[in-house]
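A.B. asks: For the sequence shown, the residue numbers in the working numbering are 232 to 494. Quick reminder that beta carbons are idealized off the backbone N, C-alpha and C, glycines included. It should be emphasised that the depicted structure is a prediction, and the values quoted were computed from it without experimental measurement. Structure provided below as structure tokens; questions to follow.
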Amino acid sequence: MFWQNMTLAVIASVETVLEKWKGQEGKEIEVFGEFRLLTSEVISRTALGSNYLEGEEIFAMLNKLSILLNRNAFMTRIPFINKYWKTADLIESDKLEKGIQECVMNIVRKIEDRVVNGEADNFGNDFLGLLVSAYRDSDEKNRLSLEDLMGECKTFYFAGQETVTSLLAWVVFLLAVHKRFAEGIAKATKYNAAAYLLGPRSCIGMTFATTETKIALSMILQRYSFNLSPAYVHSPTPVITLRPQHGIQIILESLHKYTEAKD
Ligand code: HEM
Numbered sequence: 232m233f234w235q236n237m238t239l240a241v242i243a244s245v246e247t248v249l250e251k252w253k254g255q256e257g258k259e260i261e262v263f264g265e266f267r268l269l270t271s272e273v274i275s276r277t278a279l280g281s282n283y284l285e286g287e288e289i290f291a292m293l294n295k296l297s298i299l300l301n302r303n304a305f306m307t308r309i310p311f312i313n314k315y316w317k318t319a320d321l322i323e324s325d326k327l328e329k330g331i332q333e334c335v336m337n338i339v340r341k342i343e344d345r346v347v348n349g350e351a352d353n354f355g356n357d358f359l360g361l362l363v364s365a366y367r368d369s370d371e372k373n374r375l376s377l378e379d380l381m382g383e384c385k386t387f388y389f390a391g392q393e394t395v396t397s398l399l400a401w402v403v404f405l406l407a408v409h410k411r412f413a414e415g416i417a418k419a420t421k422y423n424a425a426a427y428l429l430g431p432r433s434c435i436g437m438t439f440a441t442t443e444t445k446i447a448l449s450m451i452l453q454r455y456s457f458n459l460s461p462a463y464v465h466s467p468t469p470v471i472t473l474r475p476q477h478g479i480q481i482i483l484e485s486l487h488k489y490t491e492a493k494d
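Here's what the structure looks like:
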């Protein structure tokens, strides 16, 4: 059931993107931003009981937070002093943390209200619904703390979105640079498995990410080929994942000019 819903959510989200791209043939689009919207919509719909608009603020704040964390990754923190004296980045990070907590709690309250008002008989079976059930567990020993609820949400929003955005954007970049790369896409998704095992832990979203990537690419590659825009400046920058610093500007080329003209 979950995979069926997830597949439908991905298809619906990719269709929204394709609808937006209609009429953009020959024009420049920035694909990193486009895929960020796509993956945010997918993760909001499948795991977080909301749509992209509700999650939008959270994604924007998490994005800013990741830039600040990355910039200060090697900063020494002095526990006592940092309580009374904070750098501008630390003050901004605290504000973002509070903002994210407020937004997540707004979504959590909506989920709870539905149960209180009798519109639903449980908090739901998606990721956030299960977290809320644990957060409201009547057994104190099993209850999830607010801090853990927030931590889980932040990890999931970020891990579920930023990674697939980068993957899709760099695949499109490679397709634009090397047309023959299309033939290697199927092989590439197999080798990609190694990326999920980096770090001390492993990725719980591997199947999710692979399914999402395959559906999105197969729907997009049936309709378009890509050319790199002269405006593109190559500057991959590590901000947790490897991001294109100035975006990836692509010129879309429709593969079905004749049928689309007839439609
Ligand atoms: C190209 C896509 C992806 C790649 C390459 C990737 C890679 C990874 C890696 C290497 C880790 C371990 C990090 C560590 O050891 O600290 C990880 C953890 C995690 N990933 Fe992914 N990931 C991807 C997509 C996703 C998606 C789509 C989701 C959710 C739907 C997700 C959810 C998570 C979570 C929750 C963790 C933390 C697991 C834990 O706390 O033990 N990931 N991922």
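Work out the CA separation of Y463 and P475 for me, nearest whole Å.
C.D. replies: Going by the C-alpha atoms only, they are around 10 Å apart.
A.B. asks: Are three or more beta carbon pairs between the region 426-441 and the region 386-401 nearer than 8 Å?
C.D. replies: Yes, since at least three Cβ pairs between the region 426-441 and the region 386-401 fall closer than 8 Å, the two stretches touch.
A.B. asks: Residue range of the beta strand (DSSP E) that I322 falls in?
C.D. replies: Note, I322: premise wrong, no beta strand (DSSP E); alpha helix (DSSP H) at 319-347.
A.B. asks: Go through its chain and collect everything with a Cβ distance to V408's Cβ below 8 Å, but skip five positions before and after it.
C.D. replies: Closer than 8 Å at Cβ, skipping near neighbours: L459.
A.B. asks: Using DSSP bridges, identify the partner residues of P469.
C.D. replies: The partner list for P469 (beta bridge, DSSP) reads L473.
A.B. asks: With a cut-off of 8 Å, do at least 3 Cβ pairs link the region 358-376 to the region 264-283?
C.D. replies: Touching, yes, given that three or more Cβ pairs across the two stretches are closer than 8 Å.
A.B. asks: So is L429 buried or exposed if we call it buried at 16+ other beta carbons inside 10 Å?
C.D. replies: L429 is exposed by the Cβ-count criterion.
A.B. asks: Please report the straight-line C-alpha distance between K183 and I289, rounded to a whole angstrom.
C.D. replies: Here the chain covers residues 232 to 494 and nothing more, so residue 183 does not appear.
A.B. asks: Could you compute how far the alpha carbon of L473 sits from the alpha carbon of S397?
C.D. replies: Those two C-alpha atoms are separated by around 7 Å.
A.B. asks: Can you give me the start and stop residues for the alpha helix (DSSP H) that E383 sits inside?
C.D. replies: 377-408 is the span of the alpha helix (DSSP H), which, as asked, contains E383.
A.B. asks: Considering only the alpha carbon of each residue, which of L321, K317, I451 lies closest to V245?
C.D. replies: Residue I451 is the option with its Cα nearest to V245.
A.B. asks: Apart from the five residues on each side of it in sequence, which residues of its chain come closer than 8 Å, Cβ to Cβ, to S485?
C.D. replies: The residues are E256, R454, Y455, E491.
A.B. asks: Considering only the alpha carbon of each residue, which of G254, E261, V273, V248 lies closest to T238?
C.D. replies: Minimum Cα distance to T238 is reached at V273.
A.B. asks: Thinking S297 and G286 are a contact (beta carbons under 8 Å), I'd like their distance in whole angstroms, please.
C.D. replies: With a Cβ gap of about 15 Å, S297 and G286 do not count as contacting.
A.B. asks: Taking the continuous alpha helix (DSSP H) assigned at I178, which residues delimit it?
C.D. replies: Residue 178 lies beyond the stretch modelled for the chain, which goes from 232 to 494, so this question has no answer here.
A.B. asks: Kindly indicate which three-state DSSP category Y463 falls into: helix, strand or coil?
C.D. replies: Coil, per DSSP.
A.B. asks: If you compare alpha carbons, which of I482, I471, G478, N236 is closest to N301?
C.D. replies: Checked all of I482, I471, G478, N236; the closest Cα to N301 is I471.
A.B. asks: Judging by CA-CA distance, which residue of L299, Q235, L375, H477 is the nearest neighbour of K326?
C.D. replies: Nearest of L299, Q235, L375, H477 to K326, Cα basis: L299.
A.B. asks: Measuring only the C-alpha atoms, how far is L293 from V347?
C.D. replies: Straight-line Cα distance between these residues: approximately 30 Å.
A.B. asks: Any heavy atom of ligand 1 closer than 7 Å to the CB of C384?
C.D. replies: Not under cutoff, so the answer is no.
A.B. asks: Can the beta-carbon of A400 be found closer than 8 Å to that of V262?
C.D. replies: Yes. Within cutoff.
A.B. asks: With DSSP collapsed to three states, give me the class of S449.
C.D. replies: In this structure, S449 counts as helix in the three-state DSSP scheme.
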